[in-house]
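In what follows, a structure is listed as structure tokens, so that the remarks can point back to it.
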Amino acid sequence: MPSLDIRNLCVSIGEKPILKDFSLSLPKGEVHAIMGPNGTGKSTLAKALAGHEDYTITGGEVFLDGELLLGLEPEARAKLGLFLAFQYPCEIPGVSIANFLRAASQARLPEGQEVAAVEFYKKLHGKMDALKMDRKFTARSLNEGFSGGERKRCEILQMMMLEPKYAIMDETDSGLDIDALKIVAQGVNLMRGPELGVLVITHYQRLLDYIVPDKVHVMWDGRIVKSGGKELAFELEAKGYDWVSKELAPSAKN
Amino acid sequence: MSVTLAETPAPVAATSPALEAVFQAELAQAREPKWLADSRREAWTRANLDGKISESGIVVGKSDERWRFSGHKGWSLEGALRAKNKYAGKLPDIFAGGHPLDCAGKLTYADDILAAQTPVSAELARQGVIFLPLAEAIAKHPELVREHLFKHDHALGGGKFLALHQAYARAGTFLYVPDNVEVPATFFVTHWAATPGAALFPHTLIIAGANATVNFLDYFGSVNTTSEAWVAGAATIIAGSGARVFRKSVQNLNGHTLSYQDDTVICGRDSDVRNIAVHLGAQRARYESYSKLNGPGSNLELCALTIASGRQEFDQRTFQDHAAPRAKSNLLYKNALLDESRTIFAGMIRVEPGAEETDAYQQNRNLLLNPAAEADSLPGLEIQNQNVRCTHGATTSRLDPEELFYLRSRGLPKNTAYQLLVFGFFEEVIQRVENEALAELLRKLAREKFGK
Amino acid sequence: MDQATQLEIDREKGNFRYETDYAFDAGVGLRPATVDYIAEVKGEAPWVREFRHKALKIFESKPMPTHWATKDLEAIDFSKIRYYLSQGQKPSRTWDEVPADIKKTFERLGIPEQERKFLAGVEAQFDSEAAYSRMKEGLSKLGVIFVGPTEGLKEHEEIFRPWFGKVIPTSDNKFSALNSAVFSGGSFIYVPKGVKVKQPLQAYFRINAENFGQFERTLIIADEGAEVTYMEGCTAPKFETATLHSAVVELVALKGAKIQYITVQNWSNNVFNLVTKRGLAHEESEIRWIDCNIGSRLTMKYPGVILKGRRARGEVLSIALANDGQHQDTGAKMIHAADETTSNIIAKSISVGQGRSTYRGLVQIPKHLKNCKNNTECDALLINANSRTDTYPAITVRGEGNSVQHEASVSKVSAEQIFYMRSRGLSEAAAMSLSVNGFINDLVREFPMEYSVELKRLIELEMEGSVG
Chain A
0 MPSLDIRNLC VSIGEKPILK DFSLSLPKGE VHAIMGPNGT GKSTLAKALA
50 GHEDYTITGG EVFLDGELLL GLEPEARAKL GLFLAFQYPC EIPGVSIANF
100 LRAASQARLP EGQEVAAVEF YKKLHGKMDA LKMDRKFTAR SLNEGFSGGE
150 RKRCEILQMM MLEPKYAIMD ETDSGLDIDA LKIVAQGVNL MRGPELGVLV
200 ITHYQRLLDY IVPDKVHVMW DGRIVKSGGK ELAFELEAKG YDWVSKELAP
250 SAKN
Chain B
0 MSVTLAETPA PVAATSPALE AVFQAELAQA REPKWLADSR REAWTRANLD
50 GKISESGIVV GKSDERWRFS GHKGWSLEGA LRAKNKYAGK LPDIFAGGHP
100 LDCAGKLTYA DDILAAQTPV SAELARQGVI FLPLAEAIAK HPELVREHLF
150 KHDHALGGGK FLALHQAYAR AGTFLYVPDN VEVPATFFVT HWAATPGAAL
200 FPHTLIIAGA NATVNFLDYF GSVNTTSEAW VAGAATIIAG SGARVFRKSV
250 QNLNGHTLSY QDDTVICGRD SDVRNIAVHL GAQRARYESY SKLNGPGSNL
300 ELCALTIASG RQEFDQRTFQ DHAAPRAKSN LLYKNALLDE SRTIFAGMIR
350 VEPGAEETDA YQQNRNLLLN PAAEADSLPG LEIQNQNVRC THGATTSRLD
400 PEELFYLRSR GLPKNTAYQL LVFGFFEEVI QRVENEALAE LLRKLAREKF
450 GK
Chain C
0 MDQATQLEID REKGNFRYET DYAFDAGVGL RPATVDYIAE VKGEAPWVRE
50 FRHKALKIFE SKPMPTHWAT KDLEAIDFSK IRYYLSQGQK PSRTWDEVPA
100 DIKKTFERLG IPEQERKFLA GVEAQFDSEA AYSRMKEGLS KLGVIFVGPT
150 EGLKEHEEIF RPWFGKVIPT SDNKFSALNS AVFSGGSFIY VPKGVKVKQP
200 LQAYFRINAE NFGQFERTLI IADEGAEVTY MEGCTAPKFE TATLHSAVVE
250 LVALKGAKIQ YITVQNWSNN VFNLVTKRGL AHEESEIRWI DCNIGSRLTM
300 KYPGVILKGR RARGEVLSIA LANDGQHQDT GAKMIHAADE TTSNIIAKSI
350 SVGQGRSTYR GLVQIPKHLK NCKNNTECDA LLINANSRTD TYPAITVRGE
400 GNSVQHEASV SKVSAEQIFY MRSRGLSEAA AMSLSVNGFI NDLVREFPME
450 YSVELKRLIE LEMEGSVG
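Residue numbers (numbering that gives the first Met the number 0), protein chains in the order written: chain A, 0 to 253; chain B, 0 to 451; chain C, 0 to 467.
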């Protein structure tokens with residue numbers, strides 16, 4: 000079955016190991032959630048999968064539908080069908096959303112083939128309508144001066160336009176406002192289906208009020224210490240992260 | 000004319016006989032009013048004071064703070080000449096194949112000789128708009144010209160260049176838009192360097208009456224990529240009360256040209272002036288921009304985009320002089336540096352004692368695209384009034400790796416992502432020209448700079 | 000806060016003078032004979048005397064830097080200054096041995112009291128020579144050296160000579176040359192490998208004589224992994240004529256060392272304070288200048304760090320307050336000379352009345368360097384309508400992955416803030432000084448507690464009478 004398959008992944012920042020033998024398999028068509036306390040390596044996982052150069056892979060393998068992912072350039076990973084929704088997407092002045100998405104679509108076409116402008120805008124406007132976005136929005140520079148909600152909406156719009164096979168939603172931080180969370184959830188729910196695998200990374204159970212995951216994984220100190228159904232999220236919410244450090248982590252080590 | 004700007008101070012020499020002869024010949028031929036001829040003689044004397052313009056050229060004092068970081072060589076005038084005949088070749092049309100520019104009038108010069116002219120419409124003429132070649136305006140409207148021509152001097156360091164300009168400048172534009180006349184279309188003037196070795200002294204004088212609206216574009220270019228040229232141009236923009244003046248200039252001379260350019264802007268009460276300069280060409284280009292906020296409530300926007308490549312040097316000196324209360328000025332200078340190029344930005348905001356409630360801003364952003372390029376920043380403030388809001392900022396860095404990663408994570412190849420970011424850096428200025436034809440042209444010229 | 004420490008910083012209370020007899024006096028004016036007199040009195044080695052003579056020639060050959068600096072420099076008449084005055088060359092090791100008139104001065108300034116309270120060592124200079132010098136015994140056992148330049152160059156030549164005049168060459172500028180010709184007094188400090196001096200060492204510089212020039216010379220060497228904090232304070236009585244203070248301070252931080260140099264400059268309003276300060280930071284070392292300029296007629300001082308070793312760090316934190324008749328022309332220099340070096344400059348100035356504050360900065364990152372960073376912030380606060388401020392930074396960047404950020408702002412005290420505080424019952428002056436203190440609060444916190452409290456108090460004093 001097609002899947003995003005992470006096997007024994009070890010990742011360091013500088014000299015410091017962050018992910019330690021991390022393994023997870025995300026079948027296409029499913030939505031998985033990774034939860035865990037701050038500093039446990041959740042954001043590292045997202046950035047390392049996308050190929051950020053600050054993160055050094057020291058071991059393990061990642062397969063995307065059977066293809067080796069590690070070692071590829073970030074853009075090659077994207078073209079294979081991986082999408083990372085950034086927690087804090089950076090501002091890129093002077094690059095309009097429309098131009099950017101066109102260039103990103105163009106990059107996915109074979110050499111010599113051009114994006115058909117009419118179809119591109121038809122698709123873009125269709126997605127924007129679905130997200131209830133103002134058409135003027137695409138003339139703005141990427142993320143520049145955006146509110147938290149606008150940034151999220153822009154990430155979701157990109158995801159819908161680029162049609163990835165696997166999407167990683169990095170929502171690690173606790174400081175997100177509820178409206179932004181709803182936008183992310185709406186986007187995931189709109190795209191959910193047999194052609195997309197989603198990995199939602201979050202600190203709080205709150206996001207899962209809006210996205211019902213097929214599976215929940217609890218992360219601690221660079222690896223997964225417990226996996227279960229959606230009820231695990233509630234258990235975690237009720238027992239708190241102390242439970243992870245005191246009970247789950249020690250038993251997982253054995 | 001045959002002069003050299005030497006690297007080392009020349010011995011104090013009397014005026015060069017060759018230079019003197021060219022100056023006197025042009026002066027005699029022009030048959031100008033006495034006041035103007037006198038003013039040119041005075042400028043000529045000033046240019047030659049201390050023997051610093053002679054066969055061996057203008058010498059820039061090494062301890063002159065206004066020339067700090069400037070390369071002290073390469074201002075050679077050797078072999079420079081004044082063209083006598085009209086250029087015989089075809090002159091390029093810079094807007095060909097793109098969006099057409101909506102023109103209110105057009106002047107084209109090659110080597111300081113008028114090559115083509117599209118006068119203003121009868122309707123604009125009826126409203127009193129005067130748009131003429133400078134020499135013709137001097138003959139037809141001497142009093143109007145006299146009031147403003149060569150009246151504004153400043154101390155940004157290019158005094159010798161300006162004096163030389165004043166002695167020789169007869170090519171260029173005189174534009175007068177009377178009170179309450181609004182001209183939305185663009186007055187478009189092109190200066191071409193054509194003959195090898197040509198020395199050009201293009202002049203622009205824009206006078207906007209009270210509540211007038213003016214749009215103006217100066218383009219400086221070379222007809223080929225090989226001819227050497229020496230250009231010392233100056234523009235004066237005078238905005239009356241409530242006038243709205245939007246002037247743009249593009250310097251795209253070839254890489255064998257030495258270019259000095261001065262912009263002086265005088266802002267009247269409640270006027271709204273924008274001056275955007277794009278610098279792409281020349282081997283070495285010195286640009287001085289002096290702006291005086293003379294009228295209370297005036298609003299000034301200064302913008303520049305420089306793309307430096309090869310071993311080009313762009314030396315930019317700006318001065319925002321706040322002399323009146325409640326005025327606002329906003330400067331944004333962006334430099335992108337490729338190869339072994341060099342940019343210097345030296346900016347000054349001065350707030351004079353009476354300039355209450357000044358709001359002034361100055362920003363210099365340098366994008367280093369090659370480790371061998373060098374960006375120098377000298378952002379300065381001199382504030383003599385406490386009731387102000389003044390800030391400046393200067394940053395120099397390479398492309399942000401996080402931005403690059405973000406784009407690549409969306410599937411853009413590294414090169415495409417890089418170019419998108421670089422062109423995005425330019426867009427902030429390009430969009431401010433608010434003219435599709437010009438914006439398109441600038442994007443095209445920028446792409447050409449990157450060899451595409 | 001007790002009376003004694005308050006004296007330390009309060010300008011009016013430094014304005015006193017006891018009659019003093021000088022046993023040694025080089026006379027008025029500067030000639031080769033002046034240099035010989037100083038070298039002889041000190042019994043210096045021939046190489047030091049030669050160093051002085053060479054410096055004098057360089058001083059004479061250099062023009063005043065008025066092409067960029069203020070014309071006020073021309074008011075200095077070098078032929079009317081006395082270059083060396085002292086009662087003797089050997090500092091006392093106990094306060095009881097200090098001559099009575101000098102001791103009285105330092106007691107009034109609260110120095111012995113501070114020494115008891117929080118200092119690891121003190122040197123108290125009176126005109127040209129230290130009258131008192133003492134360090135806690137434990138430190139000398141660890142090999143820490145804390146002496147004056149005469150003793151340093153004589154007794155510990157092998158330690159100090161290799162670095163002496165190397166961070167700041169004699170010809171660096173006109174005033175470094177002047178200092179090199181006639182230097183006397185100051186601190187030569189060596190902290191051995193791995194020794195961390197917990198409490199600060201302090202020097203106190205006092206000018207007592209009119210028409211006098213004080214030219215102390217300081218060289219601090221922190222060996223590998225060593226740490227030291229040095230503080231200097233200074234006062235002078237108000238004279239009718241101008242007085243000159245022109246020091247040279249060199250810091251050398253070897254691999255992994257940390258040096259923190261704190262200055263609270265409170266000269267009286269007729270002192271020309273023209274000081275050259277620079278540090279040389281080796282690999283992974285850190286040099287911090289914390290510089291507060293409140294006094295003097297004209298101060299020109301731009302502490303710098305040459306970041307010579309990989310991952311070295313340089314910092315300048317600077318506060319300047321210019322009142323009527325004062326010009327604080329201060330700033331910072333950061334010369335990056337190795338990969339991954341970082342520097343940080345935060346400069347805040349306050350101009351009161353007709354005071355003028357100027358920031359000059361120099362940041363250089365040359366071509367062959369990678370991943371260096373500089374951050375500069377300079378903020379100016381203008382209190383009165385005729386107050387003045389200028390900012391003149393110069394930044395040069397080349398190389399790969401280097402980034403530089405400079406920001407500056409000029410503002411006044413917000414009228415709404417003042418109104419808000421007054422509506423709560425504060426006087427306008429009190430509200431103003433609260434606001435001003437808020438403006439520099441983040442920097443004041445970097446000073447040792449004993450100083451920061453006093454700084455705040457001093458600013459309150461300066462603010463009085465600035466309103467209305």
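C-beta: ideal position from N, C-alpha, C; glycine also.
Neighbour list for residue i in chain C, Cβ cutoff strictly below 9 Å
i        : result
Arg397/B : Glu399, Gly400, Asn401 and Ser402
Asp375/B : Ala393, Ile394, Thr395 and Val396
Within chain A, partners of residue i - CB distance below 8 Å
i        : result
Tyr405/B : Phe85, Pro88, Cys89 and Ile91
Phe424/B : Pro92 and Gly93
Separation of residue j from residue i, as counted between CA atoms
i        : j        : result
His147/B : Tyr175/B : 11 Å
Lys333/B : Gln362/B : 8 Å
Trp288/C : Ile458/C : 21 Å
Glu239/C : Asn269/C : 8 Å
Glu25/B  : Leu306/C : 57 Å
Lys79/C  : Gly294/C : 22 Å
Thr169/C : Ile318/C : 27 Å
Ala129/C : Gly212/C : 15 Å
Gly111/A : Glu118/A : 18 Å
Pro16/A  : Leu292/B : 59 Å
Leu273/A : Phe82/A  : What the structure shows of chain A is the stretch from 0 to 253, and residue 273/A is not part of that stretch, so it cannot be assessed.
Ile167/C : Leu69/A  : 52 Å
Arg16/C  : Phe204/C : 14 Å
Glu427/B : Glu230/A : 50 Å
Coil, strand or helix - residue i by DSSP
i        : result
Tyr175/B : strand
Met0/A   : coil
Phe23/C  : strand
Ala44/C  : coil
Pro118/B : coil
Below-9 Å beta-carbon distance, residue i vs any chain B residue
i        : result
Cys197/A : The residue you asked about is not Cys; residue 197/A is Val in the sequence shown. No - not a single Cβ of chain B is within 9 Å of the one on Val197/A.
Ser146/A : no
Val94/A  : yes
Gly28/A  : no
Lys369/C : yes
Glu415/C : no
Residue-chain proximity (residue i, chain C), Cβ-Cβ < 9 Å
i        : result
Ser62/B  : yes
Ala24/B  : no
His140/B : no
Gly392/B : yes
Closer than 9 Å to chain A by CB, residue i
i        : result
Gly410/B : yes
Lys413/B : yes
Glu433/B : no
Partner residues on chain C for residue i, Cβ-Cβ distance less than 8 Å
i        : result
Ile382/B : Ala379, Leu381, Arg387, Thr388, Asp389 and Val409
Chain B residues whose Cβ lies nearer than 9 Å to that of residue i
i        : result
Arg107/A : Gly410
Chain A contact residues for residue i, given Cβ-Cβ distances below 7 Å
i        : result
Glu402/B : Cys89 and Ile91
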